[in-house]
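In this note's numbering, the protein residues as written are 186 to 336.
Beta carbons are placed, not taken as given, at the ideal position from N, Cα and C, and that holds for glycine.
As structure tokens, the structure follows; a few thoughts come after it.
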């Protein structure tokens with residue numbers, strides 16, 4: 186009986202901790218929240234039977250960011266100052282998402298679930314930290330934010 190009570194207490198605590206939807210927000214000296222590090226695994230998908238024509242060749246590196254409820258994976262993206270880069274946002278969530286750089290006035294359109302958008306980054310960004318967020322109401326507040334680090 187004691188072990189059953191102990192097990193039930195343990196399970197109640199574990200379930201309550203697992204259902205907490207609050208994450209601590211840390212900030213650096215400039216007040217920009219620091220995103221937490223997130224690990225992810227890419228899976229290989231089979232090629233479609235009737236592939237569509239190849240898209241136009243992009244100049245520079247393409248970095249994929251996945252959007253889900255309510256985070257970006259990865260949420261820290263690093264590039265070198267002289268590097269040409271394009272962000273590819275893939276919406277793997279159930280809600281509409283976007284990726285917006287408020288300080289750079291850059292934004293993808295709102296992307297429906299399963300959709301993808303490309304966002305070319307300006308050439309020769311100054312070294313620094315450029316925060317990005319999802320501007321769909323409530324998403325940033327629930328954790329959909331990240332940072333582009335230019336070195």
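Asked, Found
"Using a Cβ distance threshold of 8 Å, determine whether the stretch 280-289 contacts the stretch 300-315, with at least three qualifying pairs required.", "yes"
"Which residue spans inside the stretch 268-310 form an unbroken beta strand (DSSP E) run of at least 3?", "270-276, 301-305"
"Using the Cα positions of residue 252 and residue 324, report the straight-line distance between them to the nearest angstrom.", "11 Å"
"Compare the beta carbon distance of residue 256 and residue 310 with 8 Å and say whether it is the shorter of the two.", "no"
"Since I believe residue 331 is in contact with residue 260 (beta carbons under 8 Å), could you give me their beta-carbon distance rounded to a whole number of angstroms?", "3 Å"
"I'd like the list of long-range same chain contacts for residue 288, defined as Cβ closer than 8 Å, with 5 residues on each side in sequence excluded.", "315, 316"
"Which first and last residues belong to the beta strand (DSSP E) in which residue 316 is found?", "313-318"
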